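Visitor: So the sequence shown is residues 26 to 490, counted in the working numbering. My structure is below; once you've seen it, I'll send some questions.
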Amino acid sequence: MNIKKICCIGAGYVGGPTMAVIAKQCPHIQVTVVDINENRIAAWNDENLDNLPVFEPGLDEIVKEARGRNLFFSTEVDKAIDEAEMIFISVNTPTKTYGKGKGMAADLKYIELCARQIARVSKQSKIIVEKSTLPVRTASAIKSILDNTGNDVAFQILSNPEFLAEGTAVEDLLSPDRVLIGGDTTPEGEEAIQALADIYANWVPKERILKTNVWSSELSKLTANAFLAQRVSSINAMSEICEKTGADINEVSKAIGMDSRIGSKFLKASVGFGGSCFQKDILNLVYIAKSYGLNEVADYWEQVILMNDHQKQRFSDNIVSTLYNTVSGKKIAFLGWAFKKDTNDTRESAAIKVADNLLNEQAEIAVFDPKVVEERIYADLEYLATRSNEDNRKLLKVIKNPYEVCKNAHAIAVLTEWDEFKTYDWNKIYESMQKPAFIFDGRGVLNKTELENIGFVYYKIGTGK
Ligand code: UDX
Ligand code: ADP
């Protein structure tokens, strides 16, 4: 089977970069990315590449090369579905906010809508590829909808989980550690798996393309994210012990990371992990375990989330207690709002919870983030619904200049590890602040000696005073 036309439903953080890279690497395949969100599609089509809806290093160059050649962004969903031989589903699957499984299970309503739409529109057989993170056995639900509501055309469902990390999406897509493709073990299923494998084989070495059954593929994605998040929670648990004992978490990380059985990645202590996947996928895993009555398994993984919540809470508690037990009316400067550097994504960012806690203590917050826009920050707080939108806007200001943000502040909180923070004129910042001038470095990125020499009282996650 030789695929010539691909459609991707969902032009978000996953669909956009993934399709851009496929289009770049496969000029012989026409790739159309569709979305119901007209503004998002308009932004993907914007002449000015600074306005792309997703910020990823290197993405603008790829879009520039492929857009209009074999990469298209459109709101004509039906047309793109009809024309394509292979359809990727990359719509969002947030945690349910209502009903059964509220706060835990993945909300599959967008996936189901897509499946129904594909069934209605398709006149020829197609391969459907799940790209969104999904609970195990979603593929069989999609298949049931397609088979029961379609026009009697044949569908093959593949699971092809995304392992890209935001901020390094282009790099991860161009040279992935592995590509995982799950499908039916029937001859038709194997043919579909091969068709997708052939696309990746245009740039990924064959030995890195793994073929499994659908459920192994779906569960592998949840497992990978659970393991990665667990490493972060584990190191964050140790960071609290370090602060009490005088050990330094960075030294501990280095020492254990050199054990080849452990490895050095994902051992950076932080104010807590964020992002659209870790929490959602673990909650999903917990929900699946509970639904099979596996309560010990569920409790085991849930602890990773509880540890992460604790890390965010104790970071803000520490700011309050250090500032003489009150931050009421005091200006706290936030450097960073994104959940990690090199992305404009803020989903589940630790900064949101830390800000919410400090606002409850009546602090005045000023935020600077190099890539996150003001409205996104207010929307993140509004979503928590802790206080009125008006109060959020009164107490928290977003300023596009880091020096302005820090001016007259009692304390600075570093919430994202943006590289540029390291090169600021810290003398100038110190002069402009209230004294004693505190820095709470939730990412451990700044230079302790330099800052202490200037006069700052510097607190770094995972190191004692
Ligand atoms: C993650 C997975 O890495 C990726 O494979 C999957 O496809 C989607 O979920 P992402 O959420 O984009 O990717 O970013 P990631 O680099 O995994 O970071 C997640 C969070 O953990 C961030 O908030 C990051 O700051 C934090 N983190 C990561 C740490 O606090 N310490 C670390 O050592 C590593
Ligand atoms: P992810 O990080 O998984 O890519 P995003 O929220 O960034 O998640 O992107 C998902 C995109 O899917 C959104 O732009 C949303 O508008 C789009 N979407 C959701 N449902 C549909 C649908 N039925 N048809 C087309 N696009 C959809």
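C-beta atoms are modelled at their ideal positions from N, C-alpha and C, and glycine is treated no differently. The structure presented is a predicted model; accordingly, all values stated were derived computationally and were not measured.
Using 8 Å as the cut-off, can you tell me whether the segment 398-405 makes contact with the segment 364-372, which would need three or more C-beta pairs spanning the two stretches below that distance?
Guide: Yes, the segment 398-405 is in contact with the segment 364-372.
Visitor: Can you round the beta-carbon distance between A434 and A391 to whole angstroms, since I take them to be within the 8 Å contact cut?
Guide: Confirmed, Cβ separation roughly 7 Å.
Visitor: For G299, is the beta carbon positioned less than 7 Å from some heavy atom of ligand 1?
Guide: Yes, Cβ of G299 sits closer than 7 Å to a heavy atom of ligand 1.
Visitor: Bridge partners for K49 per DSSP, in chain order?
Guide: BP columns for K49 are empty, so no partner.
Visitor: I need the straight-line Cα distance from K356 to A130, nearest angstrom please.
Guide: Those two C-alpha atoms are separated by around 38 Å.
Visitor: Could you tell me the boundaries of the alpha helix (DSSP H) in which L77 lies?
Guide: Careful: L77 lies outside any alpha helix (DSSP H) and carries neither H nor E.
Visitor: Tell me, please, whether the segment 66-84 touches the segment 220-232 by the rule of three or more beta-carbon pairs shorter than 8 Å.
Guide: Because the criterion of three Cβ pairs below 8 Å is not met, the segment 66-84 and the segment 220-232 do not touch.
Visitor: Can you say whether E268 is buried or exposed, counting buried as having 16 or more other CB atoms within 10 angstroms of its CB?
Guide: Per the 10 Å Cβ criterion, buried.
Visitor: Could you work out which residue in L74, K378 and T347 is closest to W362 when comparing CA atoms only?
Guide: For W362, the nearest C-alpha among the options comes from K378.
Visitor: Does the Cβ of A410 have 16 or more other Cβ atoms within 10 Å, making it buried, or fewer, making it exposed?
Guide: Result: exposed.
Visitor: Would you report the Cα separation of E90 and V46, rounded to the nearest angstrom?
Guide: Distance between the alpha carbons of E90 and V46: 10 Å.
Visitor: Just to confirm, is the Cβ distance from N117 to V56 under 8 Å?
Guide: Against a cut-off of 8 Å, the Cβ pair of V56 and N117 comes out as no contact.
Visitor: Suppose the cutoff is 6 Å on Cβ atoms and the five residues either side in sequence are ignored; what does the same chain contact list for K425 look like?
Guide: Answer for K425: no residue qualifies.
Visitor: Starting from E389, follow its DSSP beta bridges and name the residues at the other end.
Guide: E389 is bridged to K356.
Visitor: Compare the C-alpha of P78 against each of V397, S259, K366 and E475 and name the closest.
Guide: Minimum Cα distance to P78 is reached at V397.
Visitor: How far does the alpha helix (DSSP H) with V146 in it extend, from its first residue to its last?
Guide: Counting along the chain, the alpha helix (DSSP H) containing V146 begins and ends at K134 to V146.
Visitor: List the DSSP bridge partners of K396.
Guide: Bridge partners of K396: none, in fact.
Visitor: For ligand 1, is there any heavy atom lying closer than 7 Å to the beta carbon of A251?
Guide: For ligand 1, not one heavy atom lies less than 7 Å from the Cβ of A251.
Visitor: Would you list the residues sitting across from Y484 in a DSSP beta bridge?
Guide: Its beta-bridge partners are F465.
Visitor: Roughly how far, in whole angstroms, is the beta-carbon of E389 from the beta-carbon of V345, given that I think they are within contact range, below 8 Å?
Guide: E389 to V345, Cβ: 14 Å. No contact.
Visitor: Looking only at DSSP bridge pairs, what is G208 linked to?
Guide: G208 is bridged to N238.
Visitor: State buried or exposed for G300, treating a residue as buried only when at least 16 other CB atoms are found within 10 Å of its CB.
Guide: Classification of G300: buried, given that the 10 Å Cβ count is 16 or more.
Visitor: When burial is assigned at 16 or more other CB atoms within 10 Å of the CB, is P461 buried or exposed?
Guide: Classification of P461: exposed, given that the 10 Å Cβ count is below 16.
Visitor: Beta carbon of C33: closer than 7 Å to some heavy atom of ligand 1?
Guide: No; taking the cut-off as 7 Å, the Cβ of C33 has no heavy atom of ligand 1 nearer than that.
Visitor: Does ligand 1 have a heavy atom nearer than 7 Å to the CB of S157?
Guide: Incorrect: S157 has no Cβ contact closer than 7 Å to ligand 1.
Visitor: Would you say L199 touches ligand 1, meaning its beta carbon is less than 7 Å from a heavy atom?
Guide: Because no heavy atom of ligand 1 lies under 7 Å away, the Cβ of L199 does not count as near it: no.
Visitor: Are the segment 191-198 and the segment 164-181 in contact at 8 Å, needing three or more beta carbon pairs?
Guide: Judged by Cβ distances under 8 Å, the segment 191-198 makes no contact with the segment 164-181, as fewer than three pairs qualify.
Visitor: Taking the straight line between their C-alpha atoms, what separation do you get for A376 and K422?
Guide: The alpha-carbon atoms of A376 and K422 are separated by roughly 14 Å.
Visitor: For the segment 320-340 against the segment 150-159, are there 3 or more C-beta pairs whose distance is under 8 Å?
Guide: With the cut-off at 8 Å, the segment 320-340 and the segment 150-159 do not touch.
Visitor: Are there any heavy atoms of ligand 2 lying less than 7 Å away from the beta-carbon of S258, as far as the coordinates show?
Guide: It does not: the Cβ of S258 is nowhere closer than 7 Å to a heavy atom of ligand 2.
Visitor: Rounded to whole angstroms, what's the CA-CA distance from L84 to L189? Just pull it up for me.
Guide: Those two C-alpha atoms are separated by around 13 Å.
Visitor: Looking only at DSSP bridge pairs, what is V439 linked to?
Guide: According to DSSP, V439 bridges with L360 and D466.
Visitor: Could you tell me whether the Cβ atoms of G40 and F113 are closer together than 8 Å?
Guide: Cβ atoms of G40 and F113: closer than 8 Å.
Visitor: Does T488 pass the burial test, meaning 16 or more other C-beta atoms within 10 Å, or should it be called exposed?
Guide: Looking at its Cβ environment, which holds 16 or more other Cβ atoms inside 10 Å, T488 is buried.
Visitor: Is S115 close to ligand 2? I mean its beta-carbon at under 7 Å from any heavy atom of the ligand.
Guide: S115: yes, Cβ under 7 Å from ligand 2.
Visitor: If you compare alpha carbons, which of I281, I234 and D209 is closest to S200?
Guide: Closest by alpha carbon: I234.
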